[in-house]
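**Student:** One structure, as structure tokens, below. Some questions next.
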Amino acid sequence: MKELLIIAIGSALVNNVVLSQFLGLCPFLGVSRRVKTAASMGAAVIFVITIASFFANLVYNGILVPLHLEYLETIVFILVIAALVQFVEMFLKKFSRSLYHALGVYLPLITTNCAVLGVAILNVQNSYNLLESVVNGIGTSVGFTIAIVIMAGIRERIEYNDIPESLQGTPIVLVTAGLMAIAFFGFAGII
Amino acid sequence: MNRYTKQIVNGIVTENPTFVLMLGMCPTLATTTSAINGMGMGLTTTAVLVFSNLIISALRNVIPDKVRVPSYIVIVASLVTVVQFLLEGFVPSLNESLGLYIPLIVVNCIILGRAEAFASKNPVLLSACDGIGMGLGFTVGLTLLGAFREILGAGQIFGKTVTPKSFEPATIFILAPGAFFVLAGLVAIQNKVRLSKKNKEAQKA
């Protein structure tokens, strides 16, 4: 139990995916204009990463290892993830139209969110078992959601500020992200 | 300048993936702790990009439209696996420092983006040139970013000390926040140049 807690806190706060491992930067910079969309993007990512780390681990230990095909992990994982995202998209389209429209083009983009593939590969590299993989997936995606929601909150405020002309747009967002990364260094002492 | 060289120049300058299109941000920020790492990542991506453009362009009339994206992903993933093994065998030190980010080349938006936007519509040779141009543009961007971070954070460039002794390197530039700050600075400089150009033109008119 203690190990699982350490994995979860470690991946959510100490080694935050976005701010210290630089995974999932495209949605982090692209969908962080409004808190509401950021939060629903975060929810979709939590959903996909949790299921993806479960299935990726199952496929790796159940199919690839017995057949000695470990070297195919990259190809297999990306296919598992792409299929899962497609499934989530179909599911949302049928049962939650408003969320489906809110997420718009970003839902299929989760496939190319490197955080999803990154978590699956990290789970294998750290030889986590099924439960540890899922916990690591949840921790990582919660960390992503925390970062993107904070970012969106700050960006909503930034819009009312007077920013030097050449810093407008991407640069000021990057500076904000840098400051957030420094703040997240504070968590390093937890474990 | 014929259309092949034009396509290469387009990738390096006009549509530079790092500074103009802002694609492939994850490896851009994660692997540029030093100039040599940035360059290694850039060249690895270039190799994958050239071959994926080549293969996808050659197969563009064979792949059915409906399943094109999954097919592209499988092609790219296979190429990345090959490249990963080559690096592991021949340049183990680079393989170690890039680590997780090599398999993640699969989800680099530049590669799928070029496959979808260019290679699926253009002849083989031109697509390969586009791959070379885009790849080199990415390499230039990453090397520059890595060089800035290495100078500011360690006082070195390509592992050689270049700054005077009185210069105190700020380690933060090699750590995560520094990546954001340096990229923000570079984009801001580029904005500044573009704005002053625009103002000059406005004054003339």
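So the protein sequences, as listed, match chains A and B.
Just so we're aligned, residue 1 is where the first sequence starts under our numbering, counting upward by one.
Just so we're aligned, residue 192 is where the second sequence starts under our numbering, counting upward by one.
By construction, the Cβ of each residue, glycine as well, lies at the ideal position given by its N, Cα and C atoms.
1) By Cβ distance, which residues of its chain are closer than 7 Å to A:Ile49, with the 5 residues on each side in sequence left out?
2) How would you write the range of the alpha helix (DSSP H) that A:Val124 sits in, first residue to last?
3) Taking just the CA atoms, how far does B:Phe210 sit from B:Leu335?
4) Shorter than 8 Å from the beta carbon of B:Met216 to some beta carbon of chain A?
5) In the structure shown, what three-state DSSP assignment does B:Ile266 receive?
6) Name the two residues that bound the continuous alpha helix (DSSP H) containing B:Thr354.
7) In terms of DSSP beta bridges, what is B:Gln394 paired with?
8) Under 8 Å by Cβ, that's how I've got A:Leu84 and A:Ala52 pegged, so tell me the actual separation to the nearest angstrom.
9) Does A:Gly42 have its Cβ less than 8 Å from a Cβ in chain B?
10) Over what stretch of residues does the alpha helix (DSSP H) that includes B:Ala310 continue unbroken?
11) From A:Tyr71, A:Leu58, A:Arg34, pick the residue whose C-alpha is nearest to that of A:Asn129; which is it?
12) Pull up the CB-CB distance for B:Ala345 and B:Pro360, whole angstroms please, since I reckon it's below 8 Å.
13) Which one or two residues does DSSP pair with B:Gln347 in a beta bridge?
14) Mind checking which residues open and close the alpha helix (DSSP H) that includes B:Thr236?
15) Within 8 Å (strictly less), CB to CB, does B:Lys356 reach chain A?
16) Roughly how many whole angstroms lie between the Cα atoms of A:Ile202 and A:Ile182?
17) Use the C-beta contact count for A:Glu73: other C-beta atoms within 10 angstroms, 16 or more gives buried, fewer gives exposed.
18) Is it right to say A:Pro66 is buried, meaning 16 or more other beta carbons lie within 10 angstroms of its own, or is it exposed?
19) Pull up the distance between the alpha-carbon of A:Val134 and that of B:Asn390, whole angstroms please.
20) Quick check on B:Ser318: does DSSP put it in helix, strand or coil?
21) Is there contact between the stretch 173–181 of chain A and the stretch 366–382 of chain B, where contact requires at least three CB pairs shorter than 8 Å?
22) Out of B:Gly215, B:Ile293, B:Lys312, B:Gly280, point me to the one whose CA is closest to B:Ile247's CA.
23) Please classify A:Gln21 as buried or exposed, where buried requires at least 16 neighbouring CB atoms within 10 angstroms.
24) Is A:Arg34 helix, strand or coil when you go by DSSP?
25) Verify the CB distance criterion: does A:Phe87 have a CB-CB separation below 8 Å to chain B?
26) Quick one: list the residues of chain A neighbouring B:Leu316, beta-carbon separation under 8 Å, in chain order.
27) Please decide whether A:Phe22 counts as near chain B, where near means a Cβ-Cβ distance under 8 Å.
**Tutor:** For this structure:
1) Ala115, Val116, Val119, Gly137, Thr140, Ser141
2) 114–125
3) 11 Å
4) yes
5) helix
6) That residue, B:Thr354, is in no alpha helix (DSSP H); it is neither H nor E in DSSP.
7) According to DSSP, B:Gln394 shares a beta bridge with no other residue.
8) 6 Å
9) no
10) From DSSP, B:Ala310 is part of no alpha helix (DSSP H); its letter is neither H nor E.
11) A:Leu58
12) 5 Å
13) B:Thr352
14) 226–249
15) no
16) The shown model of chain A, from 1 to 191, leaves out residue 202 of chain A, and the question about it has no answer.
17) buried
18) Result: exposed.
19) 54 Å
20) helix
21) With the cut-off at 8 Å, the stretch 173–181 of chain A and the stretch 366–382 of chain B touch.
22) B:Lys312
23) buried
24) Coil at A:Arg34, not helix or strand.
25) no
26) None at all; the shortest Cβ gap to chain A is about 27 Å.
27) Taking Cβ atoms only, chain B reaches closer than 8 Å to A:Phe22, which makes this a yes.
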